[in-house]
Amino acid sequence: MAAGVVMCLPSLGLALAGLAGFSAMGPVAGTLAPWIQSTFYGAHTGGLFAGVQSLIMTVGHALPLLLGGIAVFSLGAVLRYYIAPRFRTRPHAD
């Protein structure tokens, strides 16, 4: 279970960056990303803002696929650990 959580962390980071306003086309107007850019970082090459934006522009198109994978993994975990034990006729060692 812990390995599954660790596998989901990069996807969670991408999702949070997307919610903050980073997109494959650049920062989305009216969101947190352009505010951060204008307030703290400006247009410095190699900074944190540029790194996050580069990451989103590179792998951002895969975000729906990653989120779908997380959903399938979560459904499997729920079925395995919460639903399936209710249908067992006799307990057995895991």
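Residue numbers (our numbering): 1 to 94.
The beta-carbon is built from N, C-alpha and C at its ideal position, and this holds for glycine as well.
Just so we're clear, the structure is a prediction, and the values are computed from it rather than from any experiment.
(request) Give the secondary structure of P27 by DSSP, where H, G and I count as helix, E and B as strand, and everything else as coil. (result) coil
(request) For R88, name the three-state secondary structure that DSSP assigns. (result) Note: R88 maps to coil in three-state DSSP.
(request) Can you have a look at P64 and say buried or exposed, based on whether 16 or more other CB atoms are within 10 angstroms of its CB? (result) exposed
(message) Could you compute how far the alpha carbon of R88 sits from the alpha carbon of L79?
(response) 13 angstroms
(request) State yes or no: is the C-beta of V72 within less than 9 angstroms of the C-beta of L14? (result) no
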